[in-house]
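Quick notes on the structure that follows.
Residue numbers (the working numbering): 1006 to 1247.
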């Protein structure tokens, strides 16, 4: 479903952020991108989901294809329409809008039965959002904002979900709840997933395969169990969380 070959991303002031990255994600698969801060994880996500033209970022690749079509240097709105949804690391929701208004923005003008079925599923998975639907999204807790961001991203039933650091700043118990919900969403919607994470435990629960980035280069690839069992990777690149 997603093919990246020879990805190179250069920022105008800071230079090369990703250089020569290769990764494939098969339909129905969940793949993790792991590594410390500054490794190039979020930059890789942005290359897939699209930079704004005003950002003046240089993105090149031998291949950057989604479902057989090139998405290289395509604007974010066209990539989203093609079926790629993203849960960003920051600026996840419209904080000044109500919870229900955020969902209305994500829903758009579509009112078909499939969308309503998805909304019903999300209401069951995230009942707190139903309870707080008349409140401003900015008043939600960090975990509740994460739930709302996930709900907004999957409401229109994308085929690829790209999630950037979904565990960041969340308590373990709350993260458990979100992982369980994501598993159910993947099964119901037949989602393919690309997950950017520093938390190896979360990545192992959601993904079967991963790659470790170091300074914009691929340091290692393998199954999640293989990566987590490698002491050198765990201690140096994965925060000792194997």
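The beta carbon of each residue, even a glycine, is placed where N, CA and C say it ideally should be. Every value quoted in this text rests on a predicted model; they were computed, and no experiment measured them.
Judging by CA-CA distance, which residue of the options is the nearest neighbour of residue i?
| i | options | result |
| --- | --- | --- |
| residue 1134 | 1149, 1123, 1126 | 1149 |
| residue 1147 | 1170, 1130, 1139, 1024 | 1170 |
| residue 1063 | 1232, 1093, 1024, 1038 | 1024 |
| residue 1112 | 1154, 1075, 1096 | 1154 |
| residue 1221 | 1198, 1098, 1022 | 1022 |
| residue 1069 | 1157, 1228, 1152, 1006 | 1006 |
| residue 1188 | 1034, 1119, 1110 | 1034 |
| residue 1114 | 1165, 1097, 1161, 1091 | 1161 |
| residue 1061 | 1008, 1106, 1019, 1234 | 1019 |
Look up residue i in the DSSP assignment and say whether it is helix, strand or coil.
| i | result |
| --- | --- |
| residue 1102 | coil |
| residue 1007 | strand |
| residue 1171 | coil |
| residue 1019 | coil |
| residue 1245 | Caution applies to residue 1245, whose pLDDT of 48 falls short of 50 and renders its modelled position unreliable; the value that the coordinates give is listed next. Reduced to three states, the DSSP call for residue 1245 is coil. |
| residue 1061 | coil |
| residue 1138 | coil |
| residue 1072 | coil |
| residue 1029 | strand |
| residue 1085 | helix |
Rounded to the nearest angstrom, how far is the Cβ of residue i from that of residue j, given a contact under 8 Å?
| i | j | result |
| --- | --- | --- |
| residue 1093 | residue 1055 | Wrong, their Cβ atoms sit about 12 Å apart, outside the cutoff. |
| residue 1167 | residue 1123 | Between residue 1123 and residue 1167 the Cβ distance is about 18 Å, and since that is not below 8 Å, they are no contact. |
| residue 1120 | residue 1156 | Actually they are not in contact, since the Cβ atoms of residue 1120 and residue 1156 sit about 12 Å apart, beyond 8 Å. |
| residue 1229 | residue 1037 | 7 Å |
By the DSSP assignment, the beta strand (DSSP E) with residue i in it spans what residues?
| i | result |
| --- | --- |
| residue 1197 | 1197-1202 |
| residue 1227 | 1222-1228 |
| residue 1214 | 1214-1219 |
| residue 1039 | 1035-1039 |
What residue range does the alpha helix (DSSP H) around residue i cover?
| i | result |
| --- | --- |
| residue 1178 | 1177-1194 |
| residue 1156 | 1147-1159 |
| residue 1119 | 1118-1130 |
Discussion item. Closer than 8 Å is the cut-off here; do at least three beta carbon pairs connect the region 1199-1209 with the region 1121-1130?
Written reply: The region 1199-1209 makes no contact with the region 1121-1130: fewer than 3 CB pairs, one atom from each, lie closer than 8 Å.
Worksheet item: Below 8 Å, can you find three or more Cβ-Cβ pairs linking the region 1008-1024 to the region 1039-1049?
Response: Note that the region 1008-1024 touches the region 1039-1049; at least 3 beta-carbon pairs, one per stretch, sit closer than 8 Å.
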